[in-house]
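Written below as structure tokens is the structure these notes are about.
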Amino acid sequence: MDLTGQLQDYRTLDKLHKQVHGEVAAGTRKNTALLVQYSPTFTVGRNTKPEDVPNKDVPVIEVNRGGSVTWHGPGQLVCYPIVKLPQPLDVIRFIRAVEQVVIDTLEPYGIHAQRIAGRAGAWVLKPGVIDKKIAAIGIHTARGASMHGFALNVNPTFSDFARIIPCGLADAWVTSMNEQGCHETVDSMRAPVIAGLRRNLDTPYFRGEKQGQEGENVYTS
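Heads up, the sequence shown is in the UniProt record's numbering, so the first residue is 1 and it goes up one at a time.
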């Protein structure tokens with residue numbers, strides 16, 4: 001479900017997010033991905049410290065995901081893969097698959113995103129340079145289905161990031177595809193992200209299929 005054509009209000013979109021999640025959890029909707037580009041907003045996860053919350057001239061919204069404070073806004077492609085997870089629940093396997101979506105999406109552009117043990121997200125690591133996160137990842141599960149997802153920095157400005165400690169990590173910073181020399185846009189990155197979703201999440205395991213059962217692509221633009 002592509003909602004990147006105009007900037008979305010976080011609170012308004014959150015209602016749709018919860019509605020779609022409820023339908024996927026109830027089995028009345030197939031696994032669905034929401035693609036979103038927000039108007040400037042800070043969201044604070046369950047691990048946010050009071051001193052990490054910025055001044056509120058930009059909306060600050062508490063959310064039910066893990067992690068600390070992060071920014072959403074123009075130039076950032078947010079993807080919520082809402083998936084009915086197989087039982088027994090393996091949240092770590094799902095998080096790793098979501099990370100792989102980002103890694104696979106960026107590789108053709110010459111950006112070798114990596115995981116860091118103990119730190120969620122996709123990172124660009126270079127010798128002698130502070131670790132930089134190119135995509136934040138935060139996941140919540142309820143009623144056996146996932147919520148939230150990842151935020152890929154395509155070509156945002158970093159002025160609002162400078163007002164926070166992104167994801168509560170004082171010894172790291174953020175980067176973007178643009179900063180890494182790839183002059184893409186949110187619009188041009190929709191199809192690559194959808195392809196990454198299909199490759200990593202539209203699989204027999206995440207469709208809950210038995211061995212030998214054929215399925216169909218459910219992540220569409």
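Even for Gly, the Cβ is constructed at its ideal location relative to N, Cα and C.
With a Cβ-Cβ cutoff of 8 angstroms, do residue i and residue j count as a contact?
i: residue 114; j: residue 106; result: no
i: residue 160; j: residue 58; result: yes
i: residue 17; j: residue 65; result: no
i: residue 20; j: residue 116; result: no
i: residue 63; j: residue 38; result: no
i: residue 120; j: residue 149; result: no
i: residue 76; j: residue 200; result: no
i: residue 182; j: residue 111; result: yes
Report the partner residues of residue i according to the DSSP bridge assignment.
i: residue 142; result: 145
i: residue 119; result: 116
Just the C-alpha distance for residue i and residue j, rounded to the nearest angstrom, thanks.
i: residue 168; j: residue 195; result: Its pLDDT being 46, under 50, residue 168 is placed unreliably by the model, and the measurement read from it follows with that caveat. Looking at the two C-alpha atoms, the distance is approximately 31 angstroms.
i: residue 43; j: residue 86; result: 28 angstroms
i: residue 4; j: residue 190; result: 9 angstroms
i: residue 144; j: residue 102; result: 23 angstroms
i: residue 40; j: residue 13; result: 13 angstroms
i: residue 15; j: residue 127; result: 43 angstroms
i: residue 61; j: residue 133; result: 21 angstroms
i: residue 146; j: residue 108; result: 27 angstroms
i: residue 24; j: residue 33; result: 11 angstroms
i: residue 215; j: residue 209; result: Note that residue 215 scores 47 on pLDDT, short of 50, meaning its location in the model is unreliable; the coordinates nonetheless yield the value given after this. Rounded to the nearest angstrom, the two C-alpha atoms are 8 angstroms apart.
Runs of alpha helix (DSSP H) wholly within the region 26 to 99 (minimum 4 residues, chain order): none
Check whether the region 172 to 183 and the region 150 to 159 are in contact - that is, three or more C-beta pairs closer than 8 angstroms. yes
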